[in-house]
Amino acid sequence: MQKKVLLIMLCLVLTGATMVYGQDPKHKIFYKDVPEIQKDEYSIQISDAVSEKVFTKMKLNITNKTPDYLIYKPAEAVFHYEHGNYSPTKKMDIISPMERDSKVIEVSGGDKFHVDKLSVDLNFFYRLPSTGTPQSADDFNLPASVNDFNAGNFKCTLQKLNKTTKETTAVFNCTYMGKDYGIVDPGKLSVKLEDGKEFANDKKSKPKVLEPGEDIKITAAFFVPAKVADMQFANMKIVWKNTFIESKAVKISGSTFNLEIDPGKTEGKNK
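Following this note's numbering, the numbering of the sequence shown begins with 1015 at its first residue and continues without gaps.
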């Protein structure tokens, strides 16, 4: 009798295990660690790779090793399964020079992702030179004689101007109208007084990369001692220098790796 009870209990346990692994839609497969990917332009640490019935996802810690921008296009990655290939649907992103960023990459669409192994192609990086081609613009008069100006493929409009004795603030909206990428760095501009003295933009902001049709708000703020000039009445010019850059992205080499189930981790984390 005791043996019969033990046999029934064993069957129930085995049946339950089959239910969890084979039918539970929330059952997760965890994969073995993948060696860090090292390339001349970037490195990628892959972690938390996991699949359920309806998705596979993982975390990517990406380090940009270059003085240029890395354009990250997850839609160009490919996850290879026995039943077909899938790509993420997330939009592109940009990693600044010499910086590190974390991304979660995921594929879905169907119910066959609960697999023990697959391969992944991360062929989705483009290098965008930060120097590019400077776009020249005429000096902008303060007070303004016109509200609109062009800097190559950038179209800009003065939206707000405030001049006081010690401070002048000008706000512009600029749109990149080209076909590649625009880089705008407000930290490059300065203001020039009639006597030739120049003062840097006091409004600190990082450069921004623009896609075609995208815009940016530029704030130029200047603080000039009253003993140098009363800015409320002074004639000044904004000197744009290399504020506006146009640059072309070049695709760089990708990498491929395999994911394989980690039985211990999978069993332990599903308890």
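Note that beta-carbon positions come from the ideal geometry of N, C-alpha and C, so glycine has one too.
Given residue i as reference, the closest of the options once Cα atoms are compared
i: D1312; options: A1235, G1192, F1093; result: Absent from the structure is residue 1312, since the part of the chain shown begins at 1015 and ends at 1285.
i: S1261; options: A1151, K1211, I1275, G1166; result: G1166
i: A1263; options: N1284, I1197, I1275; result: I1197
i: G1098; options: N1161, K1126, D1135; result: K1126
i: E1050; options: L1132, F1069, V1068, K1073; result: K1073
i: Y1190; options: I1259, G1123, T1145; result: I1259
i: A1316; options: C1170, S1144, S1133; result: Residue 1316 lies beyond the range of the chain shown here (1015 to 1285); nothing can be said about it.
i: K991; options: E1113, K1067, T1182, M1106; result: There is simply no residue 991 to check, as the chain begins at 1015 and stops at 1285 in what is shown.
i: L1203; options: S1219, D1194, Y1195; result: S1219
i: K1255; options: E1090, D1082, T1147; result: T1147
i: S1122; options: H1094, S1144, L1172; result: H1094
i: K1180; options: F1186, K1283, A1235; result: A1235
i: A1243; options: T1182, T1233, D1194; result: T1182
i: C1188; options: T1233, K1217, K1283, F1213; result: T1233
Boundaries (first-last residue) of the alpha helix (DSSP H) holding residue i
i: T1080; result: Unbroken run through T1080: none, as it is neither H nor E.
i: E1281; result: 1277 to 1283
Run of the beta strand (DSSP E) containing residue i, from where it starts to where it stops
i: G1098; result: 1098 to 1100
i: Y1056; result: 1056 to 1066
i: I1197; result: 1195 to 1198
i: H1094; result: 1092 to 1095
i: E1274; result: 1269 to 1274
Classification of residue i by the beta-carbon crowding that lies within 10 angstroms, buried from 16 upward
i: T1178; result: exposed
i: Q1246; result: exposed
i: S1065; result: buried
i: D1130; result: exposed
i: N1176; result: exposed
i: Q1052; result: exposed
i: P1200; result: buried
i: F1237; result: exposed
i: Q1149; result: buried
i: V1160; result: exposed
i: V1205; result: buried
i: A1240; result: exposed
i: V1223; result: buried
i: L1026; result: Only weak support exists for where L1026 lies, its pLDDT of 40 falling under 50; the coordinates are left without a value.
i: T1070; result: buried
i: T1145; result: exposed
Stretch-stretch touch, CB-based, cutoff 8 Å, three pairs: the region 1074 to 1086 with the region 1051 to 1062: Segments in contact, yes.
Uninterrupted alpha helix (DSSP H) stretches inside the region 1139 to 1183 (no shorter than 4 residues): You should have found no qualifying run.
contact_flag[the region 1083 to 1096, the region 1129 to 1145] where n(CB pairs < 8 Å) is 3 or more: yes
Within the region 1200 to 1258, ranges of the alpha helix (DSSP H) (whole runs, at least 4 residues): Look at the region 1200 to 1258 and you find no whole run of alpha helix (DSSP H) that is 4 residues long or longer.
Residue ranges of each alpha helix (DSSP H) within the region 1099 to 1137, 4 or longer: none
Meets three-Cβ-pair contact criterion under 8 Å: the region 1094 to 1104 and the region 1041 to 1050: Contact fails: fewer than three Cβ-Cβ distances are below 8 Å.
The region 1265 to 1280 touching the region 1203 to 1223, judged by at least three CB pairs closer than 8 Å: They do not touch, by the three-pair rule.
Three CB pairs or more closer than 8 Å across the region 1246 to 1257 and the region 1149 to 1161: yes
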